[in-house]
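Chemist: Take this structure, written in structure tokens, and hold onto it; I'll ask about it next.
Put into structure tokens, the structure is as follows:
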């Protein structure tokens, strides 16, 4: 017997969820609380339900966890992609209810694939990694202030010392979380065998790029925002440029590419060849970052260390 999916769009706010159920042709609102979500899920036919919602950071975690616990299929959609779909289908107005209806239509028309269940250890790593990034950004800002101030009370120096301690403590916690998971520990060791890839880059990829080793080279480059897209029309050939993707992953790979160029003959030669063709340093570094990512993707897929 064929089971026809029941597509449900969900627009998420801090305090409530706006839902649109295509099978019933109706929209409604519930509180964004564990109890309200559980009550709503109990009324669904979980076997055919498919819920589509935009990624909204902390506000969607409660819904995602409840869907995973109930075994309900769902797709967590990039907000930019959802907005592009809305414009492409003539949905120019924007309200919570309209967005919920649009997300249900998007799931149906694009036949979105359901997301895989999240890994609790990876979720912890994501939170720790995000907090480390926040503190590193704060430390960079305070270091600038130290250079511009006499700091007569020693306040800046004390704050910098505290930030150093907190960052070190977070890095230790991250390392312990990785060591406690044999699969992720093996992945970190594998990634770090590549030139330019240190503990921060390896952790960034493990936490924020779970698709590593499961995608084609083009797909993984696009996810990181390192794939150049054409900008052609008729006989005109526009400049290809990267766009979109996961900016934090891209920044980590950019820094790793700089290190790889310095320490690896293979990547240095590739960098020099690209720079000779394009005469643009940044273009060449981005090309190295993309090549490094495709190498890491192949390593993760075959579970083999880097081969110089």
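Residue numbers (the working numbering): 524 to 831. Beta carbons are placed, not taken as given, at the ideal position from N, Cα and C, and that holds for glycine.
1. Along the beta strand (DSSP E) that carries residue 539, what are the first and last residues, could you check?
2. Using the Cβ count rule (16 or more neighbours within 10 Å means buried), how would you classify residue 554?
3. Would you say residue 630 and residue 575 are within 8 Å of each other, going by their C-beta atoms?
4. Quick one: what's got a C-beta closer than 6 Å to residue 794's C-beta in the same chain, skipping five residues either side?
5. Do three or more CB pairs link the stretch 708–717 to the stretch 626–645 at distances below 8 Å?
6. In or out: residue 664 buried (at least 16 other Cβ within 10 Å) or exposed?
7. Report the three-state DSSP secondary structure of residue 717 (helix, strand or coil).
8. Rounded to a whole number of angstroms, what is the C-alpha to C-alpha distance between residue 725 and residue 715?
9. In chain order, what residues of the same chain have a beta carbon less than 6 Å from the beta carbon of residue 824, not counting five sequence neighbours either side?
10. Check whether the stretch 590–601 touches the stretch 561–571, counting contact only when three or more Cβ pairs, one atom from each stretch, lie closer than 8 Å.
11. Rounded to whole angstroms, what's the CA-CA distance from residue 609 to residue 635? Just pull it up for me.
12. What are the residues that DSSP puts in a beta bridge with residue 554?
13. Indicate the three-state DSSP secondary structure (helix, strand or coil) for residue 753 in the structure shown.
14. Nearest CA to the CA of residue 820: which residue from 601, 745, 651?
15. Mapping DSSP to helix, strand and coil, what is residue 599?
16. I'd like to know whether the C-beta atoms of residue 605 and residue 550 end up nearer to each other than 8 Å.
17. Going by beta carbon distance, what residues of the same chain come within less than 6 Å of residue 625, once the five residues before and after it are set aside?
18. How would you label residue 547, buried or exposed, when you count the other beta carbons within 10 angstroms and need 16 or more for buried?
19. Classify residue 761 as buried or exposed, calling it buried when 16 or more other Cβ atoms lie within 10 Å of its own Cβ.
20. Please classify residue 727 as buried or exposed, where buried requires at least 16 other C-beta atoms within 10 Å of its C-beta.
21. Leaving out five residues on either side along the sequence, give the residues of the same chain with a beta carbon under 6 Å from the beta carbon of residue 780.
22. Can you tell me whether residue 496 is helix, strand or coil according to DSSP?
23. Where residue 483 and residue 706 are concerned, what is the direct C-alpha to C-alpha distance, given to the nearest angstrom?
24. Can you round the beta-carbon distance between residue 731 and residue 649 to whole angstroms, since I take them to be within the 8 Å contact cut?
25. DSSP on residue 572, reduced to helix/strand/coil?
26. Strictly by DSSP, which residues pair up with residue 549?
27. Candidates 537, 538, 564, 536: which alpha carbon is nearest residue 544's?
28. For the alpha helix (DSSP H) containing residue 623, list its first residue and its last residue.
29. Tell me the rounded alpha-carbon separation between residue 682 and residue 691.
30. Return the Cβ separation of residue 577 and residue 535 in integer angstroms, given the expectation that the two are a contact with Cβ distance under 8 Å.
31. Count the other CB atoms within 10 Å of the CB of residue 719; is the residue buried (16 or more) or exposed (fewer)?
Modeler: From the atom records:
1. The residue given as residue 539 occupies position 16 in the chain shown. First-last of the beta strand (DSSP E) with residue 539: 539–544.
2. If you number the chain shown from 1, residue 554 lands on position 31. Residue 554 should be labelled exposed.
3. Taking the first residue of the chain shown as position 1, residue 630 is located at position 107. Taking the first residue of the chain shown as position 1, residue 575 is located at position 52. It is a contact, given that the beta carbons lie within the stated cut-off.
4. As a working mapping, residue 794 is identified with position 271 in the chain shown. Within the same chain, residue 794 has close Cβ partners 784, 807, 811.
5. no
6. Position 141 of the chain shown, counted from the first residue, corresponds to residue 664. Exposed, since its Cβ has fewer than 16 Cβ neighbours within 10 Å.
7. For the purposes of this step, residue 717 is identified with residue 194 of the chain shown, where counting begins at 1. Here residue 717 sits in coil by DSSP.
8. Working through the chain shown from its first residue, we reach residue 725 at position 202. Working through the chain shown from its first residue, we reach residue 715 at position 192. Computed Cα separation, rounded: 6 Å.
9. Locating residue 824 in the chain shown gives position 301, where the first residue counts as 1. Hits under 6 Å: 736.
10. yes
11. The count along the chain shown starts at 1 and reaches residue 609 at position 86. The count along the chain shown starts at 1 and reaches residue 635 at position 112. Going by the C-alpha atoms only, they are around 15 Å apart.
12. The residue given as residue 554 occupies position 31 in the chain shown. 539, per the DSSP bridge assignment.
13. As a working mapping, residue 753 is identified with position 230 in the chain shown. Low per-residue confidence applies at residue 753: pLDDT is 49, beneath 50, and the placement is therefore not dependable, though the value from the model is reported in the following sentence. Residue 753 falls in the coil class under three-state DSSP.
14. Here residue 820 corresponds to residue number 297 of the chain shown, with the count starting at 1. Comparing Cα-Cα distances from residue 820 to each of 601, 745, 651, the minimum goes to 745.
15. Along the chain shown, one-based indexing puts residue 599 at 76. Residue 599: strand per DSSP, three-state reduction.
16. By one-based count along the chain shown, residue 605 stands at place 82. By one-based count along the chain shown, residue 550 stands at place 27. No. Outside cutoff.
17. Along the chain shown, one-based indexing puts residue 625 at 102. So the qualifying residues of the chain are 609, 614.
18. For this step, residue 547 is matched to residue 24 along the chain shown. By the neighbour-count rule (16 or more Cβ atoms within 10 Å), residue 547 is not buried but exposed.
19. Residue mapping note: residue 761 aligns to position 238 of the chain shown, counting from 1. Caution applies to residue 761, whose pLDDT of 49 falls short of 50 and renders its modelled position unreliable; the value that the coordinates give is listed next. Exposed is the call here.
20. For the purposes of this step, residue 727 is taken as residue 204 along the chain shown, with counting starting at 1. Buried is the call here.
21. The sequence position of residue 780 within the chain shown is 257, counting from 1. Counting only Cβ-Cβ distances below 6 Å, and skipping sequence neighbours, we find 808, 811, 812, 815.
22. Since the first residue shown for the chain is 524 and the last is 831, residue 496 is missing from the structure and cannot be characterised.
23. This structure does not reach residue 483, given that the chain is present from 524 up to 831, and the question cannot be answered.
24. The count along the chain shown starts at 1 and reaches residue 731 at position 208. The count along the chain shown starts at 1 and reaches residue 649 at position 126. Correct: roughly 7 Å between the Cβ atoms.
25. Here residue 572 refers to the residue found at position 49 of the chain shown. Here residue 572 sits in strand by DSSP.
26. As a first step, residue 549 must be located in the chain shown, where it is residue number 26. Answer is 544.
27. Residue mapping note: residue 544 aligns to position 21 of the chain shown, counting from 1. Residue 564 is the option with its Cα nearest to residue 544.
28. Within the chain shown, residue 623 is the residue found at index 100, counting from 1. Note, residue 623: alpha helix (DSSP H), 619–632.
29. Taking the chain shown and counting its residues from 1, one reaches residue 682 at position 159. Taking the chain shown and counting its residues from 1, one reaches residue 691 at position 168. When rounded, the distance between both Cα atoms is 14 Å.
30. Within the chain shown, numbered from 1, the residue matching residue 577 stands at position 54. Within the chain shown, numbered from 1, the residue matching residue 535 stands at position 12. Confirmed, about 7 Å.
31. Indexing the chain shown from 1 puts residue 719 at position 196. It counts as buried.
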